[in-house]
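Residue numbers (the working numbering): 1075 to 1300.
Ideal Cβ positions, reconstructed from N, Cα and C, are used throughout, including at glycine.
Here's the structure we're looking at; comments come further down.
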């Protein structure tokens, strides 16, 4: 599901369902980090890293620990950049060589409405107006959840380039539906704060793709060098 939203040179690995033991395949330093967590958290932590290590192997990089860095962002092997996501019953990791992309963000969420009050706290008035229009045209999609996922993907692509926090309301995201494909399309995020310098130019927008199927919504954002 994630792979179809990404360029061919990005390697994505996903797992639907995860019944593995809590510490399956973890390196000692990873297991120590997650030892105090509840079993569900330990399982997701382990499975999403299994996805990441499979992606490393596909890129010809020896599997190695994936430890959290600043603000929890994963630290990737030299020469790679990537992103991970997990929710109930689904984990995915996407990796790419830094020569091919400056940054990447992925996110998956259960395809259901956001809890009451969350949309107002994570969105801009103009975003909510566009969501209402989308809901009228395509009522089968939980657009509030999709917008939340898109915000997560934008942040995951933003942070490795800036090392700074990005508030939910500091990116104005427009979601577009592919003609003839109401459960998929593109997204465009206008950054409302100074964007990162990529390839010698300041980037004011991020672009990505989305899909809604199999009980999930998923979004990706890719930042090219030029």
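Report yes if the CB atom of residue i is closer than 9 Å to the CB atom of residue j, and no otherwise.
i: residue 1099; j: residue 1129; result: no
i: residue 1196; j: residue 1242; result: yes
i: residue 1079; j: residue 1180; result: yes
i: residue 1263; j: residue 1291; result: no
i: residue 1255; j: residue 1265; result: no
i: residue 1299; j: residue 1273; result: yes
i: residue 1160; j: residue 1112; result: no
i: residue 1021; j: residue 1225; result: Any answer about residue 1021 is impossible in this case: the structure gives the chain only from 1075 up to 1300.
i: residue 1076; j: residue 1294; result: yes
i: residue 1132; j: residue 1087; result: yes
i: residue 1081; j: residue 1154; result: no
i: residue 1151; j: residue 1135; result: yes
Using CA coordinates, which residue listed in the options is at the minimum distance from residue i?
i: residue 1194; options: 1091, 1219, 1181 and 1232; result: 1219
i: residue 1115; options: 1153, 1154 and 1162; result: 1162
i: residue 1283; options: 1143, 1153, 1107 and 1182; result: 1182
i: residue 1250; options: 1212, 1141, 1103 and 1108; result: 1212
i: residue 1172; options: 1164, 1157, 1184 and 1185; result: 1157
i: residue 1286; options: 1221, 1135 and 1278; result: 1221
i: residue 1288; options: 1200, 1091 and 1202; result: 1091
i: residue 1259; options: 1137, 1215, 1142 and 1089; result: 1215
i: residue 1142; options: 1119, 1205, 1113 and 1281; result: 1119
i: residue 1188; options: 1204, 1217, 1150 and 1206; result: 1217
i: residue 1279; options: 1103, 1232 and 1252; result: 1232
i: residue 1089; options: 1136, 1253 and 1164; result: 1164
i: residue 1271; options: 1253, 1234 and 1257; result: 1234
i: residue 1240; options: 1185, 1145, 1206 and 1200; result: 1145
i: residue 1139; options: 1101, 1206 and 1208; result: 1101
i: residue 1184; options: 1104, 1223 and 1105; result: 1223
i: residue 1198; options: 1244, 1238, 1186 and 1209; result: 1244
Based on the DSSP secondary-structure assignment, which residues constitute the bridge partners of residue i?
i: residue 1142; result: 1148
i: residue 1154; result: 1171
i: residue 1300; result: Bridge partners of residue 1300: none, in fact.
i: residue 1250; result: 1260
i: residue 1122; result: Residue 1122 is not bridged to any residue.
i: residue 1243; result: Residue 1243 pairs with nothing; no bridge assigned.
i: residue 1166; result: 1088 and 1159
i: residue 1255; result: 1252
i: residue 1112; result: Answer is none; residue 1112 lacks a bridge partner.
i: residue 1295; result: 1179 and 1282
So residue i packs on residue j, CB below 8 Å; how close in whole Å?
i: residue 1168; j: residue 1085; result: 7 Å
i: residue 1261; j: residue 1248; result: 7 Å
i: residue 1137; j: residue 1149; result: Not a contact, Cβ separation roughly 14 Å.
- Contiguous alpha helix (DSSP H) assignments of at least 4 residues, all confined to the stretch 1176 to 1216: 1192 to 1196 and 1199 to 1211
- Message: Report the start-end ranges of each beta strand (DSSP E) in the stretch 1259 to 1293 that is 3 residues or longer and not cut off at the edges.
- Response: 1279 to 1287
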